[in-house]
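*Asks:* I have a structure here, written as structure tokens, and I will follow up with some questions on it.
Protein chains: 2
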Amino acid sequence: MPQLSKKGIDLPTSPIRKLVVYSDQAKSKGIEVLHLNIGQPDIKAPKEAIDAVKNAPLDLLPYGTSQGELSYRKKLTVYYKKHQIEVNPEDILITTGASEALTFALNSICDAGDEIIIPEPFYANYNGFASAASVKVVPVISEFNTRFQLPALENINDKITSKTKAILLCNPSNPTGYVYSKSEIITLCELAIKHNIFLIVDEVYREFIHGDIEHYSVLQYTKGAQNTLMIDSVSKRYSLCGARIGCIVSKNKELIQNILKFAQLRLSPPTYAMIASEAALDAPDSYLEEVIAEYGKRRSTLIDALEQIPEVEVSHPMGAFYCIVKLPVEDAEDFSKFLLTSFQDSGQTIMLAPATGFYSTPGVGKNEVRIAFILDSQKLIRAAHILEQGLIAYKKIHEQALV
Amino acid sequence: MPQLSKKGIDLPTSPIRKLVVYSDQAKSKGIEVLHLNIGQPDIKAPKEAIDAVKNAPLDLLPYGTSQGELSYRKKLTVYYKKHQIEVNPEDILITTGASEALTFALNSICDAGDEIIIPEPFYANYNGFASAASVKVVPVISEFNTRFQLPALENINDKITSKTKAILLCNPSNPTGYVYSKSEIITLCELAIKHNIFLIVDEVYREFIHGDIEHYSVLQYTKGAQNTLMIDSVSKRYSLCGARIGCIVSKNKELIQNILKFAQLRLSPPTYAMIASEAALDAPDSYLEEVIAEYGKRRSTLIDALEQIPEVEVSHPMGAFYCIVKLPVEDAEDFSKFLLTSFQDSGQTIMLAPATGFYSTPGVGKNEVRIAFILDSQKLIRAAHILEQGLIAYKKIHEQALV
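If you read the sequences in order, they're chains A and B.
Residue numbering for the first sequence follows the numbering used here, starting at 1 and increasing by one per position.
Residue numbering for the second sequence follows the numbering used here, starting at 404 and increasing by one per position.
And the structure:
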């Protein structure tokens, strides 16, 4: 049997999907699993998006342009303008999801052995994208106690070497829900300029801000134009996760030209998905207002319910769909597995995402989980109850084991 | 301005798309450009595929499974059985086009600095996929005179080093149209087994065989099961290029498990595209029979017309949609540019793909172009006439320059 690549063998399994084998077992026993592990929206996509695909006058699917249809990129500039982001169609390159956007960005910026700095905890797949590109992730720990705000500048500065090519951020953050402030973003832009590196910001949760905070896009800091690029996606915004449409936006023309070469390799983004994504921009403003209000409600419901549980600590998310929760257990992964394999409450249980997979420093986050508040409020209340009961049952078993 | 990656800067521009700037200029002057440069089918996709998307009962698009829907993979096993390929759904992993399949295969098999051997000329994007994965392409020249049959075994054997991880083949070949024989495939399988490396075969043109030849899939040689993987795509077969659905098939379970990790990173293939691709398998056999007959007719039309042109030599393609043509010019790229910038025949011209981009050895193929016979027969006859007139006009200018 021939050898496989070291990077493939070392590729970590996604913490979001790694317990799927146990949830499948639970389901096969007739137990209903409430998924708190994954950001899978249940809200309807804009009718405009679905109808556009139904009505598309296609009788074959030719290749599209590698950078995405011009009509779509033009409409995106209008959308971005609403968010105080001034860009032109040629600053935008449509990708097959934010996943491909990140892969293109890393490949265009980094060679094998180069490094990128990421505040942790971070979206687990960043590790994988880096590994696939033979790039090393250098983490800087941000703290539960500060709601995971930007780590002290000197801590980031200390990690910059001659191999550092970029700093990567998710704003609002998956998995912490932290929303980086204007001054934090500008600080990082200035740091990138000073060290002649890139600042990549994944802003797919731009609209999902809870409370009276304003989101500041990395592209609003025009002084950083040559050093910054933004990653986006229609997945969560319009409940179009399966479409697989995202984009890269940057005012750095040389970078966009370079990324276009990688885009040409894979020919074009998926046609139907691009039609749906373009039409989603025709949805009335009320569509997103209602979606945001609904997620805000779910957030409050979940946080309130979690705070009732003894010894459970929640980091209050300011944005996105996720929060990091500290549990009164030693090993949150073992507890998550227990919930799926050895526990149920009236035929139901919950699936959590153990937080260690969101850190790259070994051992950190062992008693933490990421919880997505993407289910409807009633299910979230039920899920919190199951968590509480699960903790009691788990504690009992562990106390018995100690006797 | 921060530095971009060396691999990005070095990434060659696609020979299929590199002259687009000149064809756009020609079009803006009102000249019609007949595209012989690209394999963009004009035949209708199966009605079943288009209708399935129109009728899909979706009001949002959730993520799918990373390996592709089980129902689709099950139906594919039936399709493969018709081609004497015995596989199970778990041997198949659905990808976003053959492009992603190749990227996954390379990432799973090779680390940075590893090598793959490819007979040249080869599909130009193989160079790019390898470069994106920091993998070195080691070419072995195959010859115009032998219709580009497999190079002598010792020539391949000589290139194998401790860094060689795979041999990559396209069968039927884009760009040469050569169809590798059963014995050539078995020879390569045995070589792969002997050296404990992989043999990757891109079989996206499986059905497009012209004349009385049988296609032998790498997966039919069951002795090579652990060392072989096959790449496939719906793009050309069903005129679904824009769908972006392909797959990787291998009996090597460890390999498929490893590739699944890369697949999980990008979450899932595009939903609508997968629906169309699954439904395409419901098309009656007559659909593909008619498509194959039509391309066969176009092939004969083009080859006959090209053979009438003085000093033009054609390598007779046995499969796929392409042929390599030797032109009586020194620099086929310069001539191709001339056709777009300085020539027209009654308001029309043609776009060719210069062949040097399909070779990795510098200087080889300078007087060759790849021609796709994907336009309808009338257009192909017209295109051959334009080529003939273009060659006369180009010669005149060069003779004048010499005076």
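The beta carbon of each residue, even a glycine, is placed where N, CA and C say it ideally should be.
1) Would you give the residue range spanned by the beta strand (DSSP E) that A:Q348 belongs to?
2) Please report whether the beta-carbon of A:F129 lies at a distance below 8 Å from any beta-carbon of chain B.
3) Please list the terminal residues of the continuous alpha helix (DSSP H) segment that includes A:G246.
4) Please report the residue range of the beta strand (DSSP E) in which B:I497 lies.
5) Quick check on the DSSP output: what are the complete alpha helix (DSSP H) runs of length 4 or more inside the segment 412-475 of chain B, in order along the chain?
6) Indicate the three-state DSSP secondary structure (helix, strand or coil) for A:G177 in the structure shown.
7) Would you verify that the beta carbon of A:F321 is, or is not, closer than 8 Å to some beta carbon of chain B?
8) Of the residues A:E184, A:S235 and A:P328, which one's Cα is nearest the Cα of A:A273?
9) Who are the near neighbours of A:V138 in its chain, counting only those whose CB is closer than 6 Å to its CB and skipping five residues on each side?
10) If the cut is a Cβ gap below 8 Å, which residues of chain A does B:F665 touch?
11) Based on the DSSP output, what are the partners of A:Y322 in its beta bridges?
12) Determine the extent of the alpha helix (DSSP H) in which B:M677 is found, giving its start and end residues.
13) Only counting the same chain, and skipping five residues up and downstream in sequence, which positions put a Cβ closer than 6 Å to that of A:R206?
14) Where do the N-terminal and C-terminal ends of the beta strand (DSSP E) with A:F198 fall, by residue?
15) Could you please tell me which residues of the segment 782-793 of chain B, in chain order, have their CB closer than 8 Å to any CB of chain A?
16) For B:N548, which option in B:L571, B:E802, B:V717 and B:M633 has the closest C-alpha, if you only look at C-alpha atoms?
17) Looking at C-alpha atoms only, which residue of B:E587, B:P554 and B:Q803 is the closest neighbour of B:V543?
18) Would you report the Cα separation of B:Q428 and A:D212, rounded to the nearest angstrom?
19) Does DSSP put A:P284 in a helix, a strand or coil?
20) Quick one: measure Cβ to Cβ for B:L437 and B:I753, integer angstroms, because I've assumed they're closer than 8 Å.
21) Can you find a C-beta in chain A that's less than 8 Å from the C-beta of B:I521?
22) To the nearest angstrom, how far is it from the Cα of B:R476 to the Cα of B:A683?
23) Short of 8 Å in beta carbon distance, which residues of its chain neighbour A:Y404, apart from the five on each side in sequence? Order them along the chain.
24) Going by beta-carbon coordinates alone, are B:T836 and B:F551 separated by less than 8 Å?
25) With 8 Å set as the bound, which would you pick, yes or no: does the beta-carbon of A:A241 sit closer than that to a beta-carbon of chain B?
26) Pop quiz: A:F104 and A:A243 are said to be a contact at Cβ under 8 Å. What is the actual Cβ separation, rounded to whole angstroms?
27) For chain E, find out if any of its Cβ atoms is closer than 8 Å to the Cβ of A:L267; answer yes or no.
28) Go through the segment 532-599 of chain B residue by residue and report every complete run of the alpha helix (DSSP H) that reaches 4 residues or more, in order.
29) Tell me the rounded alpha-carbon separation between A:I392 and B:A504.
30) In its own chain, which residues sit with a C-beta less than 7 Å from the C-beta of B:S780, not counting the 5 before and 5 after it?
31) For the segment 599-627 of chain B, which residues have a beta carbon sitting closer than 7 Å to at least one beta carbon of chain A?
32) Using DSSP's beta-bridge definition, name the partner residues of A:M230.
33) Under a Cβ-count criterion, where at least 16 other Cβ atoms within 10 Å of its own Cβ denotes burial, should A:A305 be classed as buried or exposed?
34) CB-CB under 7 Å to B:K782, same chain, minus the five flanking residues each way: which ones, in chain order?
35) Of the choices A:P354, A:I256, A:L339 and A:S277, whose alpha-carbon is the least far from that of A:P89?
36) Run through the DSSP bridge pairs and tell me what B:L643 is partnered with.
*Replies:* So, from the listed chains and residues:
1) Q348 to M351
2) yes
3) Where A:G246 is concerned, there is no enclosing alpha helix (DSSP H), although the beta strand (DSSP E) it sits in stretches over G246 to V249.
4) I495 to T498
5) 423-431 and 450-457
6) coil
7) no
8) A:S235
9) E115, I117 and K159
10) G8, L11, G128 and A132
11) A:A372
12) T674 to A683
13) H215
14) F198 to D202
15) none
16) B:V717
17) B:P554
18) 51 Å
19) coil
20) 5 Å
21) no
22) 13 Å
23) Because residue 404 of chain A is not part of the residues shown, which for chain A are 1 to 403, the question remains open.
24) No answer is possible for residue 836 of chain B: it lies beyond the span of chain B, which begins at 404 and ends at 806.
25) First, the residue type needs correcting, since residue 241 of chain A is Cys and not Ala in the sequence shown. True, the Cβ-Cβ gap to chain B drops below 8 Å.
26) With a Cβ gap of about 18 Å, A:F104 and A:A243 do not count as contacting.
27) In summary, chain E is missing from the structure at hand, where the protein chains are A and B.
28) 556-560 and 585-598
29) 47 Å
30) K700, R701 and T704
31) N599, I600 and F601
32) A:V201 and A:V249
33) buried
34) L437
35) A:I256
36) A:L61
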